[in-house]
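S.K.: Below: one structure in C-alpha cells.
Number of protein chains: 2
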Amino acid sequence: MTSRRSAAGQPPSDRVRVRRAPAHAAYDRATVDGILDAGLVAHLGFVVDGQPYVVPVNHARVGDDVLLHGSPAGRAFRLLIAGAPVCLAVTHIDGLVLGRSAFHHSVNFRSVVLLGRAEPVTDPASKLAALEAFTERLLPGRWAEVRPPSPRELRATAVVRIPIEEASAKVRAGPPGDEPDDLGLPAWAGVLPLALRTGPPEPAPDLAPGTDLPPSVLGLMERWGG
Amino acid sequence: MTSRRSAAGQPPSDRVRVRRAPAHAAYDRATVDGILDAGLVAHLGFVVDGQPYVVPVNHARVGDDVLLHGSPAGRAFRLLIAGAPVCLAVTHIDGLVLGRSAFHHSVNFRSVVLLGRAEPVTDPASKLAALEAFTERLLPGRWAEVRPPSPRELRATAVVRIPIEEASAKVRAGPPGDEPDDLGLPAWAGVLPLALRTGPPEPAPDLAPGTDLPPSVLGLMERWGG
Numbered sequence: 317m318t319s320r321r322s323a324a325g326q327p328p329s330d331r332v333r334v335r336r337a338p339a340h341a342a343y344d345r346a347t348v349d350g351i352l353d354a355g356l357v358a359h360l361g362f363v364v365d366g367q368p369y370v371v372p373v374n375h376a377r378v379g380d381d382v383l384l385h386g387s388p389a390g391r392a393f394r395l396l397i398a399g400a401p402v403c404l405a406v407t408h409i410d411g412l413v414l415g416r417s418a419f420h421h422s423v424n425f426r427s428v429v430l431l432g433r434a435e436p437v438t439d440p441a442s443k444l445a446a447l448e449a450f451t452e453r454l455l456p457g458r459w460a461e462v463r464p465p466s467p468r469e470l471r472a473t474a475v476v477r478i479p480i481e482e483a484s485a486k487v488r489a490g491p492p493g494d495e496p497d498d499l500g501l502p503a504w505a506g507v508l509p510l511a512l513r514t515g516p517p518e519p520a521p522d523l524a525p526g527t528d529l530p531p532s533v534l535g536l537m538e539r540w541g542g
Numbered sequence: 317m318t319s320r321r322s323a324a325g326q327p328p329s330d331r332v333r334v335r336r337a338p339a340h341a342a343y344d345r346a347t348v349d350g351i352l353d354a355g356l357v358a359h360l361g362f363v364v365d366g367q368p369y370v371v372p373v374n375h376a377r378v379g380d381d382v383l384l385h386g387s388p389a390g391r392a393f394r395l396l397i398a399g400a401p402v403c404l405a406v407t408h409i410d411g412l413v414l415g416r417s418a419f420h421h422s423v424n425f426r427s428v429v430l431l432g433r434a435e436p437v438t439d440p441a442s443k444l445a446a447l448e449a450f451t452e453r454l455l456p457g458r459w460a461e462v463r464p465p466s467p468r469e470l471r472a473t474a475v476v477r478i479p480i481e482e483a484s485a486k487v488r489a490g491p492p493g494d495e496p497d498d499l500g501l502p503a504w505a506g507v508l509p510l511a512l513r514t515g516p517p518e519p520a521p522d523l524a525p526g527t528d529l530p531p532s533v534l535g536l537m538e539r540w541g542g
C-alpha cells in the first residue's frame, strides 16, 4: 500500500496507474502477488470487433508469470495464443462497509488488474509443470493423489503465460469514513466481514465407501473452513 | 439450464452464444436474473485504444436493467456515460470439483455475461431510486436506517443502466465427470462446496456504545452466516 513502484520495479505505466482513490493503490510485487495468489478465479478481458468480453478463468502465478489454462478451441484461448492484448482482474471481497449515511456504504476489497499479452506454453514438460501448479497452489499434495494427465489430455489443454510487467493493486480496508456531522446519528456503523468458506465435503456418488478425505482437502478445509 | 432463448426471449445472439461446454449454457431471464441478483460484485470490461480493461464494480438489477454507480470523473464511467460497448460479468464460485485425475478437476460456478451499451440515469429522482436499490437489494431495510444522500453527494455519483438484452449464463454443478477407467483409483473424489460467508460484525471505532445491530445487518448475517 505504500510503494508507488510498478510490478516491474518501475513507476506504474499510465495505463495501470490508479486514478480513483489513489491512496488505495499499490504497485509493489508483494501486494500484487499476494492478491493474485489468494484468488480462486480471475476475470479475463479481451476484445473482438471492438466489443469487450469478460469471462471467468482459473489462474496460477508462478514466479513472474500468471498462467492460464483452457480449451485451445475456445475464443478466449485462440486470442490469448495469438498474443492479443488482454486484461486479467482478480478481486477479493473482504466485507461490507456500513456507514451512517447511504453515501458512505462501500465494500472492503483487494483487487489486481494486470495488462499484457500472453505467450503460449507449448512444450509438454512445461505444460505439465503448469498444470501441476494450478492444482498444487490451491490443494498442496493433490497432484500426487490423482492420475496425471495423459498425452491426449495434455494436447486438449492450452496453457499460456502472461508476464507480470504492468499491474496495479487496489485495496480498501477498515471502517466507514463517515462525515463528522453524521457521527451522532443512531445508525449502526462498521464492517460486516465476508470471506469464501468451505462447506461439508460432498463425496462423488460413485466414490468407494470408506475412502477417507485426503490431506490436500483437509488442509484446504482447515485454511478456509466455515 | 434448458432454455435456448435469449434474455430478450429471442434465440441468443452469436456474440453471447456459449461455445465451450454448451450443455452448461442458459439464456433464460430467470437464470440470468438469479445469478445477477446473487452477486455482490461484477467485473466491467471496456476498451481504451484497443486495450481491454476489467475493473470490479457494484451492480444492482432493477427490472430489465442492470444499474451501476461510480464516480463521474472515473475513466470507466466516462466511457459508460458516452455509450461505449461494455461487458459485465458476474461469477459465483460454488465449489471445487475434485476428480480422480488431474484433468477432471474443475470449479462449480454460476456466471453471467452481459453485453451492451449503458445509458446515463441523470434525473435526481431516478438516481435516488437507483441508489436505494443498491442498498436495499443487499440489506433490506438499511435505506431507512441511514441518512439519505445530500444533493452534493447525489451530484458526485454517476448512475448508468445497461438493458438486459444480450446475455448468457453458464452453470457448472454436480460431481466430477471422471473417466470410467479411473473409477477404481483410490483417490477421494467429490465436491468441496464454497460460499461467501459473513464473519462477526466489526463495529466502527467511533460507534456509540450500546448501538445494537440493526435488522438489515442481522438479516444478512442470517442469510449468509458462516
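Quick note, the sequences are listed as chains B and D, same order. With our numbering as the guide, the letters of the first sequence map in order to residues 317 to 542. With our numbering as the guide, the letters of the second sequence map in order to residues 317 to 542. Backbone N, C-alpha and C fix where the C-beta goes; we use that ideal spot for every residue, glycine too.
(1) Return no unless some Cβ of chain B is closer than 8 angstroms to the Cβ of Ser322 (chain D).
(2) Output yes or no for whether 8 angstroms exceeds the beta carbon distance between Glu518 (chain B) and Pro509 (chain D).
(3) Below 8 angstroms, can you find three or more Cβ-Cβ pairs linking the segment 357 to 368 of chain B to the segment 411 to 422 of chain B?
(4) Tell me, please, which residues DSSP counts as bridged to Val378 (chain B).
(5) Where does Glu469 (chain D) fall in DSSP's three states?
(6) For the segment 417 to 428 of chain D, which residues have a CB atom closer than 7 angstroms to at least one CB atom of chain B, in sequence order?
(7) Got a sec? Which residues, its chain only, sit under 8 angstroms from Val402 (chain B) by beta carbon, not counting five neighbours each side?
(8) Would you decide whether Leu499 (chain B) is buried or exposed? Buried here means 16 or more other CB atoms lie within 10 Å of its CB.
(9) At a Cβ threshold of 8 angstroms, is Val371 (chain B) touching chain D?
(10) Alpha carbon to alpha carbon, how far is Gly541 (chain D) from Ala511 (chain B)?
(11) Let me make sure I understand the geometry here. Which of B:Gly350, B:Pro327, B:Asn374 and B:Ala342 has the alpha-carbon closest to that of Ala449 (chain B)?
(12) Can a CB atom of chain D be found closer than 8 angstroms to the CB of Leu447 (chain B)?
(13) Tell me, which residues are paired with Lys486 (chain B) by DSSP?
(14) So, for Lys486 (chain B): in the same chain, excluding its five sequence neighbours on each side, which residues have a beta-carbon less than 7 angstroms away from its beta-carbon?
(15) Assuming Pro531 (chain D) is part of the alpha helix (DSSP H), what are its boundary residues?
(16) Is Arg335 (chain D) close to chain B, meaning its C-beta is less than 8 angstroms from at least one C-beta of that chain?
(17) Quick one: is Leu396 (chain B) near chain D, going by C-beta distance under 8 angstroms?
(18) Please name the residue, chosen from D:Ala489, D:Glu481, D:Lys443 and D:Gly457, that lies closest to Pro467 (chain D) on a Cα-to-Cα basis.
(19) Using beta-carbon positions only, say whether Val533 (chain B) and Trp504 (chain D) come within less than 8 angstroms of one another.
(20) Out of D:Ser387, D:Ile480 and D:Pro328, point me to the one whose CA is closest to Arg336 (chain B)'s CA.
(21) Would you say Arg331 (chain B) faces chain D, with C-beta separation under 8 angstroms as the test?
(22) Please classify Leu384 (chain B) as buried or exposed, where buried requires at least 16 other C-beta atoms within 10 Å of its C-beta.
(23) Quick check: the Cα distance between Asp494 (chain B) and Val475 (chain D), rounded to an integer number of angstroms?
(24) Under 7 angstroms Cβ-Cβ, which residues of chain B neighbour His385 (chain D)?
(25) With distance defined between alpha-carbon atoms, name the residue in D:Arg488, D:Ser484, D:Leu523 and D:Leu536 nearest to Pro328 (chain D).
(26) Using only alpha-carbon positions, find the residue among B:Arg539, B:Ala398 and B:Ala418 that is nearest to Glu469 (chain D).
(27) With DSSP as the reference, please indicate the residues paired to Arg513 (chain D) in a beta bridge.
(28) Have a look at B:Gly490, B:Arg345 and B:Val382 and flag the residue whose alpha-carbon is nearest the alpha-carbon of Arg453 (chain B).
(29) Can you say whether Leu372 (chain B) is buried or exposed, counting buried as having 16 or more other CB atoms within 10 angstroms of its CB?
(30) Just verifying my parser: in three-state terms, what is the DSSP assignment at Ala474 (chain D)?
(31) Scan the segment 349 to 372 of chain B for residues whose Cβ lies nearer than 7 angstroms to a Cβ of chain D and list them as they occur along the chain.
(32) Considering only C-alpha positions, which residue in the set D:Leu501, D:Pro516 and D:Pro530 is nearest to Pro525 (chain B)?
(33) Does the CB of Pro517 (chain D) have a neighbour CB from chain B at under 8 angstroms?
M.R.: Taking the definition as stated:
(1) Low local confidence applies: a pLDDT of 49 at Ser322 (chain D) is under 50, so the model's placement there is unreliable, and no value is given.
(2) Yes; because the gap between Cβ atoms is below 8 angstroms, this pair is in contact.
(3) Contact between the segment 357 to 368 of chain B and the segment 411 to 422 of chain B is absent, with fewer than three C-beta pairs closer than 8 angstroms.
(4) BP columns for Val378 (chain B) point to B:Asp381.
(5) Looking at Glu469 (chain D) - three-state DSSP - the assignment turns out to be helix.
(6) Within the segment 417 to 428 of chain D, the qualifying residues are Ser417, Ala418, Phe419, His421, Val423, Phe425 and Ser427.
(7) If we look at Val402 (chain B) and ignore the five residues flanking it on each side, its Cβ neighbours are Leu360, Gly361, Phe362, Leu395, Leu396, Leu431, Gly432, Arg433, Ala434 and Ile478.
(8) The residue is exposed, with fewer than 16 neighbouring Cβ atoms inside 10 Å.
(9) Chain D has a Cβ within less than 8 angstroms of the Cβ of Val371 (chain B).
(10) Roughly 11 angstroms between the two C-alpha positions.
(11) Restricting attention to B:Gly350, B:Pro327, B:Asn374 and B:Ala342, the CA atom closest to the CA of Ala449 (chain B) is found in B:Asn374.
(12) With 8 angstroms as the cut-off, Leu447 (chain B) counts as an interface residue toward chain D.
(13) Residue pairing of Lys486 (chain B) in beta bridges, as defined by DSSP: B:Ala341 and B:Ser427.
(14) Around Lys486 (chain B): Val334, His340, Ala341 and Ser427.
(15) Membership of Pro531 (chain D) in the alpha helix (DSSP H) is indicated by the continuous run Pro531 to Trp540.
(16) So yes, Arg335 (chain D) belongs to the interface.
(17) Not one beta carbon of chain D lies nearer than 8 angstroms to the beta carbon of Leu396 (chain B).
(18) If we check each option's Cα against that of Pro467 (chain D), D:Lys443 comes out closest.
(19) Contact flag set, yes.
(20) Taking only the C-alpha atoms, the option nearest Arg336 (chain B) is D:Ser387.
(21) Yes, because at least one Cβ of chain D sits closer than 8 angstroms to the Cβ of Arg331 (chain B).
(22) Buried.
(23) Approximately 22 angstroms between the Cα atoms of the pair.
(24) By Cβ distance, chain B contributes nothing, its closest Cβ being about 11 angstroms from His385 (chain D), past 7 angstroms.
(25) Selection D:Arg488, D:Ser484, D:Leu523 and D:Leu536 evaluated against Pro328 (chain D) yields D:Ser484 as nearest (Cα-Cα).
(26) Glu469 (chain D) has its Cα closest to that of B:Ala418, out of B:Arg539, B:Ala398 and B:Ala418.
(27) Arg513 (chain D) has B:Ala511 as its beta-bridge partners, per DSSP.
(28) If we check each option's Cα against that of Arg453 (chain B), B:Val382 comes out closest.
(29) The amino acid at residue 372 (chain B) is misidentified as Leu; the sequence shows Pro. Result: buried.
(30) Ala474 (chain D): strand per DSSP, three-state reduction.
(31) For the segment 349 to 372 of chain B, the set of residues with a beta-carbon nearer than 7 angstroms to any beta-carbon of chain D comprises Leu356, Val357, His359, Gly361, Phe362, Val363, Gly366, Gln367, Pro368, Tyr369, Val370, Val371 and Pro372, in chain order.
(32) Cα-wise, what sits closest to Pro525 (chain B) is D:Leu501.
(33) For Pro517 (chain D), the answer is yes, since a Cβ of chain B falls inside 8 angstroms of its Cβ.
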